[in-house]
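A.B. asks:
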Amino acid sequence: MGNNQLIRTDLSHRGGTSLARCLLPGTSAIGGTKNWIAHALSAPEFAGDRKQNRFPGTAKARPPSSKIILSTFLILWLASCADQDDQFHKRMQEILSWSATAEMILDARLGALVPKGFTALAVERCQKEILDLSSQLPQTSQQAEAKANIVKLDKMIGAVKDDVDHGRFDAGRQRLTELQQYTADLRKTSGADE
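Sequential numbering from 603 applies to the sequence shown in the working numbering.
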């Protein structure tokens with residue numbers, strides 16, 4: 603016989619259905635054991651017996667409801683996890699967008715393109731939005747680390763703002779460069795640039 607042909611077939615009768623167990627050539631990934639495959643084949647000779655219920659308790663078995671519930675729960679949980687990850691990335695994109703806005707305003711103030719009063723109000727608004735959005739981050743494995751990074755981001759924005767407000771433009775430019783680098787790194791590590 604060829605490698606793809608059936609080597610041995612055992613027929614047995616169970617509850618109105620014939621079962622064929624076929625030993626197929628080949629081995630499993632674990633060792634040298636042969637792979638057994640069971641196929642349910644209809645048994646026409648017992649079809650009349652099944653209709654007359656000569657074999658009590660041979661109704662088609664339904665999967666236990668616990669398996670159905672567990673499967674449903676698993677599917678919903680996986681969908682929920684994917685949804686939470688999407689929400690997390692969206693919130694991080696929004697946070698980093700507000701950070702970029704603050705950076706642009708501070709950069710414009712360093713170049714004397716916007717007035718001091720506007721800079722103070724606009725940057726405070728950006729910081730408020732960043733903190734509000736960070737409180738809306740969904741529960742994920744990345745949440746704790748992200749919140750710590752956002753607190754650091756907020757402090758860095760505040761430090762640049764303080765330097766600009768007090769006329770320390772050289773220190774402000776240096777801190778702004780550090781802030782921009784930190785924001786770029788945060789965008790990469792949080793997955794917000796996807």
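Glycine is no exception: its CB is placed at the ideal position from the N, C-alpha and C atoms.
Which residue wins for smallest C-alpha separation from Q686, given the options Q738, A724, L733, L708?
C.D. replies: Taking only the C-alpha atoms, the option nearest Q686 is Q738.
A.B. asks: Tell me where the alpha helix (DSSP H) around V766 begins and ends.
C.D. replies: Taken as a continuous stretch (DSSP letters only), the alpha helix (DSSP H) holding V766 covers 745-767.
A.B. asks: Out of V753, F690, S701, L708, state which residue places its alpha-carbon closest to the alpha-carbon of R770.
C.D. replies: Cα-wise, what sits closest to R770 is L708.
A.B. asks: Run through DSSP, which three-state label would V725 get?
C.D. replies: It is helical.
A.B. asks: With distances taken between CB atoms, is the gap from W700 to E726 smaller than 9 Å?
C.D. replies: For W700 and E726, no; Cβs fall outside 9 Å.
A.B. asks: Assign G713 to one of three DSSP states: helix, strand, or coil.
C.D. replies: Coil at G713, not helix or strand.
A.B. asks: Which residue wins for smallest C-alpha separation from K757, given the options A704, E696, T791?
C.D. replies: Ranking the options by Cα distance to K757, first place goes to A704.
A.B. asks: For L698, which residues in the same chain have their Cβ closer than 7 Å to its Cβ, ignoring the five residues on either side in sequence?
C.D. replies: Excluding residues within five positions, the ones whose Cβ falls inside 7 Å are T785, L788, R789, A794.
A.B. asks: Under three-state DSSP, which class holds T635?
C.D. replies: Any reading at T635 needs caution, since the residue's pLDDT is 46, under 50, leaving its predicted position unreliable; the model's value is listed next. The answer is coil: DSSP assigns T635 none of H, G, I, E or B.
A.B. asks: F690 and T742 - do their beta-carbons sit closer together than 9 Å?
C.D. replies: For T742 and F690, yes; Cβs fall inside 9 Å.
A.B. asks: By the DSSP assignment, the alpha helix (DSSP H) with Q782 in it spans what residues?
C.D. replies: Unbroken alpha helix (DSSP H) run through Q782: 771-792.
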